[in-house]
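Below is one structure; the comments refer to it alone.
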Amino acid sequence: MPLNPKSQKALDAYLVEREKAVRKNKLQTHAMFFAVRNRYNANTGDPINVRSIHRMLLQITKMRGLQPMHPHLLRHACATHMLDNGCPLDVISHILGHDSLDVTAHYAQVSTRLMGHPGHRAGKSAHIPDEKFRASFGRQHTLVINRPVIVEGRPRFQFVGYWFEIIDPWPVDWLYTDDCYIDLIDGEYFLFNARHPSIRVLVFVIG
489 MPLNPKSQKA LDAYLVEREK AVRKNKLQTH AMFFAVRNRY NANTGDPINV
539 RSIHRMLLQI TKMRGLQPMH PHLLRHACAT HMLDNGCPLD VISHILGHDS
589 LDVTAHYAQV STRLMGHPGH RAGKSAHIPD EKFRASFGRQ HTLVINRPVI
639 VEGRPRFQFV GYWFEIIDPW PVDWLYTDDC YIDLIDGEYF LFNARHPSIR
689 VLVFVIG
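Quick note on numbering: the sequence shown equals residues 489 to 695 in this note's numbering.
Encoded structure:
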């Protein structure tokens, strides 16, 4: 994994503190990043997961006065910035762990196509024709976002030929693998999660 000097310095400092924590808590773990204690069992040494990272990221963004964000946002934003600065796709694909270059190339295709879209420049949602919406959207038509892409710092996903930009912060309890659906309420499009129907997330139609 390539690291810039600042990241390498931070990692070197962390490894020293990691070793201290392992000895102090008498842990047996091979995980690079682990939980020292949790609500069920102290000193487990179990590897941290996405939910743990998400909670920490929410705390950091709150302290810094930033908009709440999901770890996937940083992952995809990193890939987008690397593309913008000329990094080869095969290098980005290796870093992200993609099985195919086609998946990584998706970043470049989406970024190039959406940057000049009139709805994107205006900062407002485009409109889906009523007949198309009734045929392909609503509670009965679910989707799994799976891997959103990041364009200009915001996550986006594609469904039935349309690109959507996620405007509201991603809820803590939602997963990108959950079954979701898009509905129209008072002239605006919202993303709903079948597991958490009381929460809605505003999305813009990009095209």
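Don't be surprised by glycine CBs; every beta carbon is placed ideally from N, CA and C.
Going by DSSP, D500 is part of the alpha helix (DSSP H) stretching over 493-512.
Its chain contains F521, F522, A523 as the residues whose beta carbon lies nearer than 7 Å to that of I536, once the 5 sequence neighbours on both sides are disregarded; these appear in chain order.
P643 is classed as buried because its beta carbon has at least 16 other beta carbons within 10 Å across all chains shown. Within the same chain, and ignoring the five residues on either side of G533 in sequence, the residues whose Cβ sits closer than 8 Å to its Cβ are V510, N513, L515, Q516, T517, A519, F522, A523, V524. Contact annotation: the region 620-635 touches the region 656-672, with at least three C-beta pairs closer than 8 Å.
E640 carries a coil assignment under DSSP once its states are collapsed to helix, strand and coil. Fewer than three beta-carbon pairs drawn from the region 566-577 and the region 680-694 are found closer than 8 Å, and the two stretches are therefore not classed as touching.
Around F647, the same chain offers L631 as residues with beta carbons nearer than 6 Å, after the five sequence neighbours per side are excluded. In its chain, beyond the 5 residues on either side, W662, D666, C668 have a beta carbon closer than 6 Å to the beta carbon of N681.
In the displayed model, D587 falls within coil according to three-state DSSP, outside both helix and strand.
Just so you know, the alpha carbons of E640 and V660 end up roughly 22 Å apart.
When beta bridges are read from the DSSP output, L690 appears opposite F678. Contact between the region 648-658 and the region 552-568 is present: 3 or more CB-CB pairs across the two stretches fall below 8 Å. If you draw a straight line from the Cα of M551 to the Cα of I673, it comes to about 33 Å. In chain order, P559 place their CB closer than 8 Å to the CB of I541, counting only its own chain and leaving out the 5 sequence neighbours on each side.
Assignment of L631 by DSSP, reduced to helix, strand and coil, places it in the strand class. Annotation for L571: the continuous alpha helix (DSSP H) segment containing it runs 559-572. DSSP lists Y677 as the beta-bridge partner residues of L672. Going by DSSP, F652 is part of the beta strand (DSSP E) stretching over 650-654.
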